[in-house]
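Asks: Starting off with a structure, shown below.
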Amino acid sequence: MADTPKPPDMQLQIQIDEDVANGQYANMALVNHTDTEFTLDFIYVQPQQLRAKVRSRIITSPKHMKRLMLAMQDNLNRYEAKYGPIVLREDDGGMH
Numbered sequence: 001m002a003d004t005p006k007p008p009d010m011q012l013q014i015q016i017d018e019d020v021a022n023g024q025y026a027n028m029a030l031v032n033h034t035d036t037e038f039t040l041d042f043i044y045v046q047p048q049q050l051r052a053k054v055r056s057r058i059i060t061s062p063k064h065m066k067r068l069m070l071a072m073q074d075n076l077n078r079y080e081a082k083y084g085p086i087v088l089r090e091d092d093g094g095m096h
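Here the sequence shown stands for residues 1 to 96, numbered as in the UniProt record's numbering.
In structure tokens form, the structure reads like this:
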């Protein structure tokens, strides 16, 4: 049997538009799901306002959501190891 040559390692190149690179500030997030996908809405709530605007919506698969959650937990752990624990209080808004 002849050895099958391995394909060369490919490196993903990621591009980002300037508007996306500038980011959006969000101080609230809503997470919903169906059996096939998760939807994350990132929202900006202004103080003293009765309306809030969704700044960004991400729709992803359950497997990717799990990978995202693990990556976020890892980064949060590293943040707290460097800067100290983040303390949540009941008066922080009560929303997750």
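C-beta: ideal position from N, C-alpha, C; glycine also.
(1) In chain order, what residues of the same chain lie with their CB nearer than 6 angstroms to the CB of isoleucine 58, ignoring the 5 residues before and after it?
(2) Can you look up arginine 78 in the DSSP assignment and give me helix, strand or coil?
(3) Of the choices Ala29, Thr60, Ala52, Arg67, whose alpha-carbon is the least far from that of glutamate 37?
(4) Could you work out which residue in His33, His64, Pro62, Met28 is closest to arginine 51 when comparing CA atoms only?
(5) What residue ranges within the stretch 33-69 form continuous beta strand (DSSP E) runs of no fewer than 3 residues, ordered along the chain?
(6) Report the three-state DSSP secondary structure of methionine 28 (helix, strand or coil).
(7) Tell whether a beta-carbon distance below 7 angstroms holds between isoleucine 43 and alanine 21.
(8) Glutamine 73 by DSSP, collapsed to three states: which one?
Replies: Well, looking at it:
(1) Leu40
(2) helix
(3) Considering only alpha carbons, the answer is Thr60.
(4) Met28
(5) 38-45, 52-60
(6) strand
(7) no
(8) helix
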